[in-house]
Amino acid sequence: ARLRDACLGLGVKRETLLKLFEQHNGEFIKKVGHSRVQGTYNRYRTIYRHLCEFVPKVYRRDDIPLKELNLTFINNFEYFLRTEKKCRTNTVWGYMIGLKHVISIARNSGALPFNPFAGYINSPESVDRGYLTEREIQTLMETPVKSGTCELVRDLFIFSVFTGLAYADVKALTTDRLQTFFDGNLWIITRRRKTNTESNIRLLDVPKRIIEKYKGLSKDGHVFPVPSNGRCNTILKELGRQCGFKIRLTYHVARHTNATTVLLSHGVPIETVSRLLGHTDLKTTQIYARITNQKISSDMEILSHKLEKMEKEICDAI
């Protein structure tokens, strides 16, 4: 009888995409602040909102059974994001990764016996991530600021330039995370809020000076009295304009600057850079990293000294 009912679809729970997504988001929000971050939840919520608009518009129904998902549905949703929602390539890529993850939950639970993403091809565009040069960092520090808040934001930005910490990690940083480590030096012993990966950073003189400057000015054991992300970026944008920078200065530029100008340009191996930034994949570090002309010149100068004798002999023979 159960086999007959299953064949007829009687008594069988029809799992649907939007219900699955809603359930996923409901579970995810409970983990925010613990093992998950608000930004990732916001992205899943946006994907869900777009799906709630897409399914009725294209399929003329309120929801769609998981077993009706196929490559056509996936491609149609991507097209909807690009055309109706005017999403850029990398935004679309991020949304499709999120959708794929939620669908994988259904696959792993046995609710979906096939992969609707089979044959789907999409990849992000390479982005030239902005960073400041040594000269620009100096310019930023020498430019007069209008208020104590502006000075604080600039100092926090410079702190991240020399530590690689993202805004969320600086905001969450507490004094108990500042520890004298095995080598007798002061370190930040922490985990990245975005990925929950270990990120242990030995502090250089500049960040130590900034920590000392704001000691005792924050509450609840936090190291800094950090303004909101929006407020920081508004101030940084204005500072960047004052300094005459070509790039749009945001807090995340500090992290790119740390990877490029502070670490890689001074010969720190990319594997070490990856650990310092708390990346889970070396490929992520390679996206941040670029070889500057200054580094090329420096490396060629070293090579020139090593080849000096050989080059002299060859030049004499020419």
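In this text, residue positions in the sequence shown follow our numbering: the first is -16, and each later residue adds one. Think of the CB as a built atom: it goes at the ideal place given N, C-alpha and C, for glycine as much as any other residue.
DSSP assignment within the stretch 238 to 291 yields no whole beta strand (DSSP E) run of 3 residues or more. Under a 10 Å Cβ-count criterion, Leu187 is classified as exposed, with fewer than 16 other Cβ atoms of the shown protein chains found around its own Cβ.
Between Ala237 and Val256, the gap from beta carbon to beta carbon reaches 9 Å or more. If only uninterrupted beta strand (DSSP E) runs of at least 3 residues are considered, none is enclosed by the stretch 24 to 87. Secondary structure at Arg175: coil, using DSSP grouped into helix, strand and coil.
A distance of 9 Å or more separates the beta carbons of Lys154 and Val75. In the structure shown, Leu169 adopts extended strand secondary structure according to DSSP, grouped into three states. Within the same chain, Leu1, Val38 and Pro39 come within 8 Å of Asp45 by CB-CB distance, once the 5 residues on both sides are set aside.
Looking at the backbone, the Cα of Glu117 and that of Phe140 are separated by about 14 Å. Bridge partners of Glu181 according to DSSP: Arg174. Taking one beta carbon from each stretch, the stretch 227 to 237 and the stretch 124 to 143 have 3 or more pairs nearer than 8 Å; the two touch. For the options Gly204, Phe207 and Arg231, the alpha carbon positioned closest to that of Ile218 is the one of Arg231. By the Cβ criterion, the stretch 122 to 138 is not in contact with the stretch 79 to 97, since fewer than three pairs of Cβ atoms, one from each stretch, lie closer than 8 Å. The C-beta of Pro190 has 16 or more other C-beta atoms within 10 Å across all chains shown, which makes the residue buried. Taking a cut-off of 8 Å for Cβ pairs, the stretch -2 to 18 and the stretch 27 to 37 touch, as three or more such pairs fall below it. Sequence-distant Cβ neighbours of Val15 in its own chain, meaning closer than 7 Å and more than five residues away, are Gln21 and Tyr24.
The Cβ atoms of Asp203 and Thr157 sit closer than 9 Å to each other. For Arg214, the secondary structure class from DSSP, reduced to helix, strand or coil, is helix.
In this chain, Thr116 is not harboured by any alpha helix (DSSP H), its DSSP state being neither H nor E. With 16 or more other CB atoms across the displayed protein chains lying within 10 angstroms of its CB, Cys215 is buried. The Cβ-Cβ distance between Leu3 and Ala94 falls below 9 Å. Around the beta carbon of Ala300, fewer than 16 other beta carbons sit within 10 angstroms, so the residue counts as exposed. Residue environment: Ser248 is assigned as buried (16 or more neighbouring CB atoms within 10 Å of its CB, all protein chains considered). When DSSP states are grouped into helix, strand and coil, Val20 belongs to the coil group.
Taking all protein chains in view, the Cβ of Pro99 is crowded by 16 or more other Cβ atoms within 10 Å, so the residue is classified as buried. In the structure shown, Val15 falls within a strand segment according to DSSP collapsed to helix, strand and coil. Distance check between Tyr27 and each of Arg258, His205, Ile12 and Glu254 places Ile12 closest, using alpha-carbon atoms only. Under the 10 Å beta carbon count, Ser182 is surrounded by 16 or more other beta carbons and is classified as buried.
Thr163 counts as exposed, since fewer than 16 other beta carbons sit within 10 angstroms of its beta carbon. Excluding sequence positions up to five before and after Ile47, its CB lies within less than 7 Å of the CB of Thr(-1), Leu0 and Val38, all in the same chain and listed in chain order.
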